[in-house]
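Engineer: According to full-length UniProt numbering, the sequence shown is numbered sequentially starting from 1.
Even for Gly, the Cβ is constructed at its ideal location relative to N, Cα and C.
Starting off with a structure, shown below.
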Amino acid sequence: MSLLILVVDDEPDVEVLFRQQFRRDLRVGRFAMAFALSAPQALNVIEAADSASLILILSDINMPGMSGLELLPKARALRPDVPVIMITAYGDAETNRKALENGAEALLTKPLDFVALRGEIDVRVGLAA
Numbered sequence: 001m002s003l004l005i006l007v008v009d010d011e012p013d014v015e016v017l018f019r020q021q022f023r024r025d026l027r028v029g030r031f032a033m034a035f036a037l038s039a040p041q042a043l044n045v046i047e048a049a050d051s052a053s054l055i056l057i058l059s060d061i062n063m064p065g066m067s068g069l070e071l072l073p074k075a076r077a078l079r080p081d082v083p084v085i086m087i088t089a090y091g092d093a094e095t096n097r098k099a100l101e102n103g104a105e106a107l108l109t110k111p112l113d114f115v116a117l118r119g120e121i122d123v124r125v126g127l128a129a
């Protein structure tokens with residue numbers, strides 16, 4: 001069973017960036033990545049994912065329609081076992097507080113530090129293995 005990481009961001013180029021940053025992991029099948037361009041699309045992926053395979057959700061906060069902060073409690077309700085890391089271009093204290101109060105594991109700011117993100121993913125892959 002492959003381990004799945006879900007990335008939620010309304011910017012289509014995010015998928016290209018993540019696939020480039022994690023190309024070796026993806027090529028050898030260490031984990032798979034799914035991408036959703038909206039919170040409702042993300043909820044569909046979460047509902048459809050096999051319970052043991054979804055290991056991490058990375059979600060942008062600022063998206064049209066349903067924001068990442070609105071997605072967070074819904075994702076946690078569907079899959080309380082899966083950590084959610086929020087991503088934002090605006091890392092202010094209020095956003096950080098709201099994200100953590102609603103169950104986010106962490107808040108990362110853009111531009112992403114892919115070395116730190118890789119560390120987070122390595123921990124999740126290690127726990128799931």
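1) What are the boundary residues of the beta strand (DSSP E) that includes residue 60?
2) Taking a contact to mean a Cβ-Cβ separation below 8 Å, would you say residue 31 touches residue 3 in this structure?
3) For the alpha helix (DSSP H) holding residue 17, just list the boundary residues, first then last.
4) Grab me the residues of residue 15's own chain with a C-beta within less than 6 Å of its C-beta, minus the 5 sequence neighbours each way, in chain order.
5) Between residue 23 and residue 93, what straight-line distance do the alpha-carbon atoms span, to the nearest angstrom?
6) Three Cβ pairs or more, each shorter than 8 Å: is that satisfied between the stretch 37-55 and the stretch 92-108?
7) Which same chain residues, not among the five before or five after residue 132, have their C-beta less than 8 Å away from its C-beta?
8) Could you check the C-alpha separation between residue 39 and residue 65 for me, to the nearest Å?
9) In three-state terms, what does DSSP make of residue 3?
10) The ligand GDP heavy atoms versus the CB of residue 27: any closer than 7 Å?
Structural biologist: With the structure as the only source:
1) Within the sequence shown, numbered from 1, the residue matching residue 60 stands at position 60. Start and end: 54-60.
2) If you number the sequence shown from 1, residue 31 lands on position 31. If you number the sequence shown from 1, residue 3 lands on position 3. Yes, the pair counts as a contact, with Cβ atoms nearer than the cut-off.
3) For the purposes of this step, residue 17 is taken as the residue at position 17 of the sequence shown. From DSSP, the alpha helix (DSSP H) with residue 17 extends over 13-21.
4) Locating residue 15 in the sequence shown gives position 15, where the first residue counts as 1. Once the five neighbours on either side are set aside, the close Cβ partners of residue 15 are 35.
5) The residue you call residue 23 lines up with position 23 of the sequence shown. The residue you call residue 93 lines up with position 93 of the sequence shown. Distance between the alpha carbons of residue 23 and residue 93: 33 Å.
6) no
7) The first residue shown for the chain is 1 and the last is 129, placing residue 132 beyond what the model contains.
8) As a working note, residue 39 is residue 39 in the sequence shown. As a working note, residue 65 is residue 65 in the sequence shown. One C-alpha to the other measures close to 8 Å.
9) Locating residue 3 in the sequence shown gives position 3, where the first residue counts as 1. If DSSP states are grouped into helix, strand and coil, residue 3 belongs with coil.
10) By its list of ligands, the structure shown contains no ligand whatsoever, and the ligand GDP lies outside what it can speak to.
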